[in-house]
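Residue 0 is where the sequence shown starts when you use numbering that gives the first Met the number 0, and the numbers rise one by one after that.
Every residue gets a Cβ at the ideal spot worked out from N, C-alpha and C, and that includes glycine.
What you are looking at is a predicted structure, and each value in this text was computed from that prediction instead of being measured.
Structure, as structure tokens:
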Amino acid sequence: MLFKQIFERALTDPPVQSIRKSKSFHPSAASIQYRDPQTETVETHGGCLRAEWYRLKEEPPTEGSDAPGIMKMTAGNVLQPMVEHAFMVAGLWRASETSFFHEKMKYSGRVDFWLVDPTQTMADKEVLMPCEMKTIGKYAEAGTCFPKAGKMMPKTDHLLQVVPYIDFYGQYMPNMKLAMFYLGRDGMELGEHHIWLAGAGKYGCALKDEHRYIVVQNDTGVYELPWLTVRGIYKRTIELAKFVQKNECPPPSYEDQWDNRRIAAYAEIGPTFGRLNKTETTAVKKAIKKANEDNDDRLNDDARPFVQKGDWQCRYCGWYTKCRAGLSHVAKPVFRDTGDDELTPAAPPAVEDADAPI
Ligand code: SF4
């Protein structure tokens with residue numbers, strides 16, 4: 000066709016490339032790791048330490064994005080003003096794209112926009128809420144934009160992302176809540192969640208700052224998520240800072256193919272766990288049964304995976320080829336002084352704090 004190729008080329012190979020280097024940590028790459036009591040597997044959520052390390056080391060990505068992928072990534076920038084405009088009309092919008100820098104943890108981020116909470120005032124002043132907006136594809140709309148099986152919940156990666164926001168602004172705005180909006184790219188339905196950090200423990204005692212965890216409220220209820228702690232997220236940040244300081248590439252946080260023990264554990268829990276779908280769960284259970292009948296130790300033979308499945312993060316990773324080929328990195332100084340304050344935090348988080356309970 001006449002224009003389609005030109006259109007795709009303009010997106011994937013623009014005449015002017017946007018270059019945005021940053022030596023600080025990005026909230027969108029915040030992550031956490033914990034042992035899931037159901038599967039006994041170590042589960043990682045959020046950004047990959049190795050991918051973040053490549054970014055901080057200015058390693059050129061080995062993977063490009065196709066035109067639909069770029070369109071999906073930028074759809075939020077196009078749709079967000081539409082949502083903001085509605086709130087401007089309602090008289091609730093106050094600011095957009097405000098940057099912050101979390102001095103202690105070296106996170107730099109940007110809040111999408113700020114709205115007035117119409118239900119409360121404090122000392123006769125407006126109470127503001129930072130807002131984060133996510134656009135989401137058709138298969139993820141249920142549960143984020145509207146209830147699925149009676150429940151709504153933001154994506155875990157998105158919850159981790161807003162912790163540095165809430166932690167930072169919470170210093171100035173006690174009991175602050177953040178509003179997260181999901182807009183379905185297919186159904187155009189707007190989902191709303193309020194997120195904050197629990198300030199009091201089970202027994203009513205105040206939690207230490209770092210032991211606070213995420214609480215989500217939406218139309219389907221209030222959900223406490225005590226495994227998503229500030230401590231867990233910052234522990235990973237400090238771990239990454241240590242790798243950066245040592246100039247050592249971290250091990251992969253994700254697997255592009257799960258081993259058979261992990262697959263079997265996910266199949267045991269079933270499709271509700273969300274790692275394997277119904278068809279895969281059935282196929283894996285059948286394969287395990289057959290292996291047992293045949294006295295075949297397939298469980299420990301990863302050359303014959305029960306199902307071709309791994310972490311989705313690797314499929315979308317810009318450094319996939321480099322990571323999987325085990326290519327050595329180009330050692331470059333990180334956190335060097337480029338004379339640009341915004342891009343060069345004074346230092347990464349103090350590594351001597353790494354093992355301290357935070
Ligand atoms: S390929 Fe996977 S493990 Fe490797 S850097 Fe990318 S996300 Fe991380």
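Short Cβ contact (8 Å threshold) for residue 127 with residue 249: Locating residue 127 in the sequence shown gives position 128, where the first residue counts as 1. Locating residue 249 in the sequence shown gives position 250, where the first residue counts as 1. Not in contact: residue 127 and residue 249 (Cβ atoms no closer than 8 Å).
Separation of residue 164 from residue 421, as counted between CA atoms: A query on residue 421 cannot be resolved here, the shown segment of the chain reaching from 0 to 357 and no further.
Collapsed DSSP secondary structure at residue 86 in the structure displayed: By 1-based counting over the sequence shown, the position of residue 86 is 87. Of the three classes helix, strand and coil, the one that applies to residue 86 here is helix, per DSSP.
Separation of residue 256 from residue 330, as counted between CA atoms: On the sequence shown, position 331 is the one that residue 330 refers to. On the sequence shown, position 257 is the one that residue 256 refers to. With a pLDDT of only 38 at residue 330, under 50, the local geometry of the prediction cannot be trusted, and the value read off the model is given with reservation. Cα to Cα, residue 330 sits roughly 28 Å from residue 256.
Which of helix, strand or coil DSSP assigns to residue 158: Along the sequence shown, read from residue 1 onward, the residue named residue 158 stands at position 159. Reduced to three states, the DSSP call for residue 158 is helix.
8 Å contact criterion, which residue 20 and residue 57 should meet: CB distance rounded: Counting from one through the sequence shown, the residue named residue 20 turns up at place 21. Counting from one through the sequence shown, the residue named residue 57 turns up at place 58. Their Cβ separation, rounded to whole angstroms, is 7 Å, which keeps residue 20 and residue 57 in contact under 8 Å.
Inter-residue CB distance, residue 228 and residue 210 (contact presumed, cutoff 8 Å): One-based indexing of the sequence shown puts residue 228 at position 229. One-based indexing of the sequence shown puts residue 210 at position 211. Rounded, the Cβ-Cβ distance is 6 Å, consistent with contact.
Exposure of residue 0, with buried meaning 16 or more beta-carbon neighbours within 10 Å: The residue you call residue 0 lines up with position 1 of the sequence shown. Burial check for residue 0: the Cβ neighbour count within 10 Å stays below 16, so the residue is exposed.
The ligand SF4 heavy atom lying under 7 Å from the CB of residue 293: As a first step, residue 293 must be located in the sequence shown, where it is residue number 294. Remark: the shortest separation between the CB of residue 293 and any heavy atom of the ligand SF4 does not fall under 7 Å.
Cβ-Cβ separation, residue 301 to residue 258 (assumed contact under 8 Å), whole Å: The residue labelled residue 258 in the question sits at position 259 within the sequence shown. The residue labelled residue 301 in the question sits at position 302 within the sequence shown. Yes, they are in contact, since the Cβ atoms of residue 258 and residue 301 sit about 5 Å apart, within 8 Å.
For residue 166 and residue 106, the rounded distance between their alpha carbons: Here residue 106 refers to the residue found at position 107 of the sequence shown. Here residue 166 refers to the residue found at position 167 of the sequence shown. Between the alpha carbons of residue 106 and residue 166 lies a gap of roughly 11 Å.
Assigned exposure category for residue 278 - 16 Cβ within 10 Å defines buried: To locate residue 278, count along the sequence shown from 1; it is residue 279. When all chains shown are included, residue 278 counts as exposed.
Within the region 46 to 78, ranges of the alpha helix (DSSP H) (whole runs, at least 4 residues): Here the runs fully enclosed are 48 to 55.
Where the alpha helix (DSSP H) through residue 278 begins and ends: To locate residue 278, count along the sequence shown from 1; it is residue 279. 277 to 292 is the span of the alpha helix (DSSP H), which, as asked, contains residue 278.
Close Cβ partners of residue 39 (< 8 Å) along its chain, the five nearest in sequence each way excluded: The residue given as residue 39 occupies position 40 in the sequence shown. If we look at residue 39 and ignore the five residues flanking it on each side, its Cβ neighbours are 264.
Host beta strand (DSSP E) of residue 318 (start-end): In the sequence shown, the residue the question calls residue 318 occupies position 319. Counting along the chain, residue 318 falls outside any beta strand (DSSP E), and DSSP gives it neither H nor E.
Secondary structure of residue 142, DSSP reduced to three states: The residue labelled residue 142 in the question sits at position 143 within the sequence shown. The answer is coil: DSSP assigns residue 142 none of H, G, I, E or B.
Residue 316 versus residue 62 - alpha carbon distance: Position 317 of the sequence shown, counted from the start, is the residue given in the question as residue 316. Position 63 of the sequence shown, counted from the start, is the residue given in the question as residue 62. Looking at the two C-alpha atoms, the distance is approximately 7 Å.
Cβ pair residue 130, residue 112 closer than 8 Å: If you number the sequence shown from 1, residue 130 lands on position 131. If you number the sequence shown from 1, residue 112 lands on position 113. Taking 8 Å as the Cβ cut-off, residue 130 and residue 112 qualify as a contacting pair.
DSSP-derived helix/strand/coil call for residue 107: In the sequence shown, residue 107 corresponds to position 108, counting from 1. DSSP places residue 107 in strand when its eight states are reduced to three.
N-terminal and C-terminal residue of the alpha helix (DSSP H) that residue 171 is part of: By one-based count along the sequence shown, residue 171 stands at place 172. Residue 171 -> no alpha helix (DSSP H), and no H or E assigned at all.
The ligand SF4 heavy atom lying under 7 Å from the CB of residue 324: Counting from 1 along the sequence shown, the entry for residue 324 is found at position 325. Answer for residue 324: no, Cβ out of range of the ligand SF4.
Classification of residue 54 by the beta-carbon crowding that lies within 10 angstroms, buried from 16 upward: Stepping through the sequence shown from its first residue, residue 54 is reached at position 55. Buried, because 16 or more other Cβ atoms sit within 10 Å of the Cβ of residue 54.
Beta-bridge partners of residue 180, as assigned by DSSP: Reading the sequence shown from its first residue, position 181 is the one you call residue 180. In DSSP, residue 180 forms a bridge with 132 and 191.
Beta carbon of residue 169 nearer than 8 Å to that of residue 196: Here residue 169 refers to the residue found at position 170 of the sequence shown. Here residue 196 refers to the residue found at position 197 of the sequence shown. Cβ distance < 8 Å, so residue 169 and residue 196 count as in contact.
Touching by the beta-carbon criterion (3+ pairs, under 8 Å), the region 27 to 35 and the region 155 to 163: The region 155 to 163 and the region 27 to 35 touch, with three or more beta-carbon pairs separated by less than 8 Å.
Residue 47: CB within 7 Å of a non-hydrogen atom of the ligand SF4: Translated into positions along the sequence shown, residue 47 becomes position 48. Indeed, a heavy atom of the ligand SF4 lies less than 7 Å from the Cβ.
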